[in-house]
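Everything below concerns the one structure shown next.
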Amino acid sequence: MYSGAAAAAGPPRRDFISVTLGPEEAVGVGGYNNSKAWRRRSCWRKWKQLSRLQRSVILFLFAFLAVCGVISYTSMGEAWKSITNKSLDEQRTEQEIPGLKLSNPAVLPAPQKADANHGDYPELSLQKPPKPPHVRRGPSNLQIKAPRRDARLNTRHDAIRAVEELVEADKVEKTEKSIISWRGAVIEPDQSTEPPSSKIKELEKPSSVEAEDQKEPVPINERQLAVIEAFRHAWKGYKDFAWGHDELKPLSKSYSEWFGLGLTLIDALDTMWILGLKEEFEEARKWVASDLVFDKNVDVNLFESTIRILGGLLSTYHLSGDSLFLEKAKDIGNRLMPAFKTPSKIPYSDVNIGRGTAHPPRWTSDSTVAEVTSVQLEFRELSRLTGDEKFQKAVDEVMKHVHTLSGKNDGLVPMFINTNSGQFTHLGVYTLGARADSYYEYLLKQWIQGGKKENELLEDYMRAIEGVKKHLLQRSEPKKLTFVGELAHGHFSAKMDHLVCFLPGTLALGAHNGLAADHMKLAEALIETCYQMYAQVETGLSPEIVHFNLRAQKGHKDVEIKPADRHNLLRPETVESLFYMYRFTGDKKYQDWGWEILQNFNRYTRVPTGGYTSINNVQNPSNPEPRDKMESFFLGETLKYMFLLFSDDIDLINLDKYVFNTEAHPLPIWVPA
Numbered sequence: 004m005y006s007g008a009a010a011a012a013g014p015p016r017r018d019f020i021s022v023t024l025g026p027e028e029a030v031g032v033g034g035y036n037n038s039k040a041w042r043r044r045s046c047w048r049k050w051k052q053l054s055r056l057q058r059s060v061i062l063f064l065f066a067f068l069a070v071c072g073v074i075s076y077t078s079m080g081e082a083w084k085s086i087t088n089k090s091l092d093e094q095r096t097e098q099e100i101p102g103l104k105l106s107n108p109a110v111l112p113a114p115q116k117a118d119a120n121h122g123d124y125p126e127l128s129l130q131k132p133p134k135p136p137h138v139r140r141g142p143s144n145l146q147i148k149a150p151r152r153d154a155r156l157n158t159r160h161d162a163i164r165a166v167e168e169l170v171e172a173d174k175v176e177k178t179e180k181s182i183i184s185w186r187g188a189v190i191e192p193d194q195s196t197e198p199p200s201s202k203i204k205e206l207e208k209p210s211s212v213e214a215e216d217q218k219e220p221v222p223i224n225e226r227q228l229a230v231i232e233a234f235r236h237a238w239k240g241y242k243d244f245a246w247g248h249d250e251l252k253p254l255s256k257s258y259s260e261w262f263g264l265g266l267t268l269i270d271a272l273d274t275m276w277i278l279g280l281k282e283e284f285e286e287a288r289k290w291v292a293s294d295l296v297f298d299k300n301v302d303v304n305l306f307e308s309t310i311r312i313l314g315g316l317l318s319t320y321h322l323s324g325d326s327l328f329l330e331k332a333k334d335i336g337n338r339l340m341p342a343f344k345t346p347s348k349i350p351y352s353d354v355n356i357g358r359g360t361a362h363p364p365r366w367t368s369d370s371t372v373a374e375v376t377s378v379q380l381e382f383r384e385l386s387r388l389t390g391d392e393k394f395q396k397a398v399d400e401v402m403k404h405v406h407t408l409s410g411k412n413d414g415l416v417p418m419f420i421n422t423n424s425g426q427f428t429h430l431g432v433y434t435l436g437a438r439a440d441s442y443y444e445y446l447l448k449q450w451i452q453g454g455k456k457e458n459e460l461l462e463d464y465m466r467a468i469e470g471v472k473k474h475l476l477q478r479s480e481p482k483k484l485t486f487v488g489e490l491a492h493g494h495f496s497a498k499m500d501h502l503v504c505f506l507p508g509t510l511a512l513g514a515h516n517g518l519a520a521d522h523m524k525l526a527e528a529l530i531e532t533c534y535q536m537y538a539q540v541e542t543g544l545s546p547e548i549v550h551f552n553l554r555a556q557k558g559h560k561d562v563e564i565k566p567a568d569r570h571n572l573l574r575p576e577t578v579e580s581l582f583y584m585y586r587f588t589g590d591k592k593y594q595d596w597g598w599e600i601l602q603n604f605n606r607y608t609r610v611p612t613g614g615y616t617s618i619n620n621v622q623n624p625s626n627p628e629p630r631d632k633m634e635s636f637f638l639g640e641t642l643k644y645m646f647l648l649f650s651d652d653i654d655l656i657n658l659d660k661y662v663f664n665t666e667a668h669p670l671p672i673w674v675p676a
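Heads up: the sequence shown runs through residues 4 to 676, numbered per our numbering.
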């Protein structure tokens, strides 16, 4: 509003504000200024206006988001790396073994016909796989699964190589440890029980359709590596001096023949697979494919050839999925069948696998009870795989016949049976040692193998264990060790074979499968006794036979050894039971006892040029008197059970899916179709 005087005085005057724009601001005259400098000053003013608490909260949120981003990036990178590595492994496997079929399920639901085209499998490549930058023990378990079995073996082989390099590096640093020798034999220094996992990164796990393959892998520890080294040392002697023959004579650098069928090599096939020794396994497979011929004019023992050759081939077939081994198993199985052509259906002890004839020993018409009742696991499995019932029918008839026989003593059986009459002979003598031992073992294991349905087998087993408790159990002095003696015409003998040390493991296996709890208590007492059969001897190695003191005598131990019994044949029975006991109880003392035994084998039986030897005198550490023979079961059983004993991976031959034959060859437990 203007006054009249002002209007009269002249033109109107306008009030205004003068703003001077600088060069930077002038650029945006008439518009919105979004320059970076202006925005920085604006954000900074707003930031300064915030309280200290508000600024702290914002900074914390930004830091948290940054950490989450880093973690997500790492996880995605590892997953992508795993997929890439798996693809490369599969390509490498297809290049190395283009014709190998690895498609068997873990437990076959029904008998299947075998592929007759066993000539379709090319020889496996002996090329060494490259060493990976990271290490894990593969496969995480040995159930029969996927077509990528050999790819997993590649991984285990690489892991062993890498872990061994680390262990060797550690040993170089530990120069203060002394190395002892006996007749040039190298004695390994004590190794730490700590696994080398702290120094080794695990490889990515291979994918699998089955959830159990997603379990975290268990790394190989130093004790297992010591077993692998022992096996390789024994294998070196066999390869150098006895390749393709039955048994190594390590001191004379030669060999001995029993059947002329490469017993040591066949017995060791599944051991090499379980230990992850890829190169050795492939070389042995090549020999089986090209040189293992059963069309020979040679007599073989039915029992020994079944548990070692037939059992070894079947087990290796299941673990590797390679039908070569099944075809060889069918061949030897058919050639052993003439043994069952007897008046009583109780098989003869000897078979000529080339001529197709069978006969008892020259000196008797008897067979041993253990031999005729300990071929069932293998022949039953052969029927299941081939669909040919004749194998199972023959061995089932034997068990049904023995089930009905008189002459037993509360389930305990005599040692001999006549092949003509089908009756027990030499009545009144009862033992769980030689000639009877595995009869009791196979009662339980057949029941387990068949899915716990054959009640006659279980009935005979349970009655026999009660007979053992009633007639054969005693306690020694002074340590009151529980042991299993022998009964001869009503007279008790405090004699116990090392072979009897299979019993603690068998009892534990039965308890694990739901049998009486007191079986496990008895197993714990008996495995202590078997360990003392080693610990109370000067070399720390058990003799073949011991006698226990029933009365306390000053200066006497529980264990007495007669001169004729003081040899050691590198037997597996105690280590076998230690494996079962550790697997079912988790008590580390069983691993420690096995470690002591392995060290003493290295100390007193190892031959420097390769191999291990049986010894004649376990009571003389300065001169154990080597016998110059390495039994095939040292590789087939003793070292295999050692490796499994030292493992904490229950899926490394899962005892709910496999049952071991009496030569330590795992066969699958049957499940309903």
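Every residue gets a Cβ at the ideal spot worked out from N, C-alpha and C, and that includes glycine.
For clarity, every value in this text was computed on a predicted model and none was experimentally measured.
Hey, T608 and C504 are a contact pair by Cβ (cut 8 Å); roughly how many whole angstroms apart?
Separation of the CB atoms of T608 and C504 is rounded to 18 Å, and the pair is thereby denied contact status at 8 Å.
What runs of the beta strand (DSSP E), each 3 residues or longer, lie entirely inside the region 513–581?
Scanning the region 513–581 from its first residue to its last, the whole beta strand (DSSP E) runs of 3-plus residues come out as 548–551.
By the DSSP assignment, the alpha helix (DSSP H) with H236 in it spans what residues?
Element bounds for H236: E225 to F244.
In whole angstroms, give me the CA-to-CA distance for I672 and E444.
Cα atoms of I672 and E444: separation of roughly 15 Å, rounded to the nearest angstrom.
Tell me, please, whether the region 470–489 touches the region 522–539 by the rule of three or more beta-carbon pairs shorter than 8 Å.
They touch, by the three-pair rule.
Mapping the DSSP letters down to three states, classify H362 as helix, strand or coil.
Strand, per DSSP.
Alpha carbon to alpha carbon, how far is K455 from Y442? Give it in angstroms, no decimals.
So the two alpha carbons sit approximately 17 Å from each other.
Mind checking D561: buried by the 16 CB within 10 Å criterion, or exposed?
Counting the other Cβ atoms within 10 Å of the Cβ of D561 gives 16 or more, which makes it buried.
I'd like the span of the alpha helix (DSSP H) that includes Q622, first residue to last.
First-last for Q622: undefined, no H or E at that position.
So, with DSSP's three-state summary, where would you put L491?
One point to set straight first is that residue 491 is Ala, not Leu, in the sequence displayed. Here A491 sits in strand by DSSP.
Are there 16 or more other CB atoms within 10 angstroms of the CB of G324, so buried, or fewer, so exposed?
Buried is the call here.
Looking at the secondary structure, which residues open and close the alpha helix (DSSP H) in which S259 lies?
Premise fails: S259 lies in the beta strand (DSSP E), S257 to S259, not in any alpha helix (DSSP H).
Quick check on this structure: which residue in G639, D595 and W366 has the alpha carbon closest to the alpha carbon of P575?
Cα-wise, what sits closest to P575 is G639.
Stretch pair the region 494–503 + the region 419–429: three plus CB contacts closer than 8 Å:
They do not touch, by the three-pair rule.
Distance check for Y241 and N626, CA to CA, integer angstroms please.
Whole-angstrom Cα-Cα distance: 24 Å.
Check whether S650 and K632 have beta carbons under 8 Å apart:
In this structure, the beta-carbon distance from S650 to K632 does not fall below 8 Å.
In three-state terms, what does DSSP make of V354?
Assigned with DSSP and collapsed to three states, V354 falls in strand.
Checking 8 Å against the spacing of the C-beta atoms, do L647 and F582 come in under that value?
Against a cut-off of 8 Å, the Cβ pair of F582 and L647 comes out as a contact.
Would you mind sorting I312 into buried or exposed? The rule is 16 or more other CB atoms within 10 Å of its CB.
It counts as buried.
Counting beta carbon pairs with one atom in the region 473–481 and one in the region 489–497, are three or more of them shorter than 8 Å?
By the Cβ test, the region 489–497 is in contact with the region 473–481, since at least three Cβ pairs between them sit closer than 8 Å.
Test item: CB-CB of L305 and D270 under 8 Å:
No, the pair does not count as a contact, with Cβ atoms beyond the cut-off.
Tell me which residues share the same chain as Q395 and place their Cβ nearer than 7 Å to its Cβ, disregarding the 5 neighbours each side in the sequence.
These residues qualify, in order along the chain: F382, R383 and S386.
Count the other CB atoms within 10 Å of the CB of G436; is the residue buried (16 or more) or exposed (fewer)?
G436 comes out buried.
Within the same chain, show all residues whose beta-carbon is closer than 7 Å to that of N664, passing over the 5 residues directly before and after it, in chain order.
Correct list, in chain order: I310, G314, L380, E381 and L670.
To which residues of the same chain is E457 closer than 6 Å at the C-beta, ignoring the five residues directly before and after it?
Within the same chain, E457 has close Cβ partners W450.
S326, enclosing beta strand (DSSP E) - first and last residue:
Here S326 belongs to no beta strand (DSSP E); instead the alpha helix (DSSP H) covers S326 to L339.
Which of the three DSSP states, helix, strand or coil, is assigned to E480?
Note: E480 maps to coil in three-state DSSP.
Using 8 Å for Cβ pairs, my map puts L642 next to F234. What's the rounded Cβ distance?
Taking C-beta atoms under 8 Å as the contact rule, L642 and F234 qualify, at a distance of about 5 Å.
Buried or exposed: which applies to N571, given that a residue is buried once 16 or more other Cβ atoms fall within 10 Å of its Cβ?
In summary, N571 is buried, with 16 or more beta-carbon neighbours lying within 10 Å of its beta-carbon over all protein chains present.
Suppose you measure from the CA of L272 to the CA of G558; what does that come to, to the nearest Å?
Spanning the two alpha carbons is a distance of roughly 47 Å.
Can you grab the Cα-Cα spacing for the pair I420 / P341, in whole Å?
Those two C-alpha atoms are separated by around 18 Å.
Among R58, E285 and P220, whose alpha-carbon lies nearest the alpha-carbon of D652?
The option with the nearest alpha carbon to D652 is P220.
Could you tell me the distance, in whole angstroms, from the CA atom of W366 to the CA atom of M584?
Rounded to the nearest whole angstrom, the C-alpha separation of W366 and M584 is 41 Å.
In this structure, how does DSSP classify V416 when only helix, strand and coil are distinguished?
If DSSP states are grouped into helix, strand and coil, V416 belongs with coil.
Hey, is the region 284–291 in contact with the region 322–337, meaning 3+ C-beta pairs nearer than 8 Å?
Yes, since at least three Cβ pairs between the region 284–291 and the region 322–337 fall closer than 8 Å, the two stretches touch.
CA nearest to the CA of P338, picked from A373, L525, F65 and K393:
Reading off the sequence, residue 338 comes out as Arg, not Pro. R338 has its Cα closest to that of K393, out of A373, L525, F65 and K393.
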